[in-house]
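Undergrad:
Protein chains in written order, with our numbering: chain A, 341 to 515; chain B, 88 to 202.
#1: Quick one: using the 10 Å Cβ neighbour count with 16 as the cut-off for buried, is residue 121(B) buried or exposed?
#2: If we call anything under 8 Å between Cβ atoms a contact, is residue 137(B) one with residue 99(B)?
#3: Please tell me whether residue 480(A) and residue 465(A) are closer than 8 Å, where the distance is taken between their beta carbons.
#4: Contact criterion: CB-CB distance below 8 Å. Does residue 191(B) meet it with respect to chain A?
#5: Please tell me whether residue 396(A) and residue 354(A) are closer than 8 Å, where the distance is taken between their beta carbons.
#6: Which two residues bound the contiguous alpha helix (DSSP H) that contains residue 477(A)?
#7: Give, in chain order, every residue of the region 172-183 of chain B whose Cβ lies closer than 8 Å to some Cβ of chain A.
#8: Using CA atoms only, rank isn't needed, just tell me which of 153(B), 90(B), 111(B), 104(B) is closest to residue 369(A).
#9: Whether or not the region 109-119 of chain B and the region 431-451 of chain A are in contact is what I'm after, with contact meaning three or more pairs of Cβ atoms, one per stretch, closer than 8 Å; do they touch?
#10: With a threshold of 16 other CB atoms inside 10 Å of the CB of residue 449(A), please say whether the residue is buried or exposed.
#11: Round the Cβ separation of residue 492(A) and residue 508(A) to the nearest angstrom and send it over; I've been treating them as touching at under 8 Å.
#12: Could you check how far apart the C-beta atoms of residue 429(A) and residue 128(B) are, in whole angstroms? I think they sit under 8 Å.
#13: Counting only beta-carbon separations shorter than 8 Å, does residue 188(B) have a partner in chain A?
#14: I'd like to know if residue 494(A) contacts chain B, where contact means its C-beta is closer than 8 Å to some C-beta of that chain.
#15: Are the CB atoms of residue 454(A) and residue 406(A) within a distance shorter than 8 Å?
#16: Could you check the C-alpha separation between residue 123(B) and residue 167(B) for me, to the nearest Å?
#17: Taking the CB atoms as reference points, tell me whether residue 411(A) and residue 514(A) lie closer together than 8 Å.
#18: Would you kindly report the start and end of the unbroken beta strand (DSSP E) that includes residue 483(A)?
#19: Can you tell me the Cα-Cα spacing of residue 101(B) and residue 95(B), whole angstroms?
#20: Is residue 447(A) close to chain B, meaning its C-beta is less than 8 Å from at least one C-beta of that chain?
#21: Buried or exposed for residue 93(B), going by 16 or more other Cβ atoms inside 10 Å?
#22: Buried or exposed for residue 472(A), please, with buried defined as at least 16 other CB atoms from any protein chain shown within 10 angstroms of its CB.
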């Protein structure tokens, strides 16, 4: 199934995906070697080119269109929203753990997502896990099953609004 | 002491407090899913804050530290998803307060009827 998907891609798509992986890997290389020495950078550029060429069927998440300014702006916005949600969720956990009566009302709810690609679904699932009181259990096609520590509603649309809307709006603009 | 060292030390202390709260959550919560809730969130932010604090104390490592933070934020939720899913498939104990709200059981019924 996956190879069919690869055959459909045109040469241009593959090339732009290759360059995107290359840029990302060069950034990781510079981060890890932690130097701008000419020798290190030459070896890094060659090695990362080899890796992104070999990994063209593994790293299928994004191509060069990700570097469009509107998308970069949305990525920055997503990171800020995500960090705020992460800090909020930690205070939420602290409040629940430290209060003597242990105020929880757990349950598993489901809702549907509008996202299409696998990578964006994974990003959404990870963000839901790290937001206050929710934990993604499984993603089947376009249905999310989420464990909710304080179940307010079992209606799919309402739980979608509560849990996923703030992230999905931004993710739809990125992918 | 420079201002960076003070902020770094504070971040390490905050991170350790969150890690402690996560451990307390794992002890106090009634079932696996709620324990994962507490464990995942607290350990993610705790580890991120601690590592960022180390990066501020040793500014030469800041790029490495940012990449490690990215990998933690990426891999921690995936492991918790795998644990929760495996636990549900094994029909482990689930705590409910008033009524059983378990939308995921429909998937398991479908799996069983296909066998």
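Cβ coordinates follow ideal geometry from the N, Cα and C atoms, glycine included.
TA: Checking against the coordinates, here is how it stands:
#1: By the 10 Å Cβ count, residue 121(B) comes out buried.
#2: Closer than 8 Å, so yes.
#3: no
#4: yes
#5: yes
#6: First-last for residue 477(A): 474-480, but that is the beta strand (DSSP E), not the alpha helix (DSSP H).
#7: 172, 175, 181, 182, 183
#8: 153(B)
#9: yes
#10: buried
#11: Contact doesn't hold; Cβ gap of about 18 Å is too wide.
#12: 5 Å
#13: With its beta carbon less than 8 Å from one in chain A, residue 188(B) belongs to the interface.
#14: yes
#15: no
#16: 6 Å
#17: yes
#18: 483-488
#19: The straight-line gap from Cα to Cα measures roughly 10 Å.
#20: yes
#21: exposed
#22: buried
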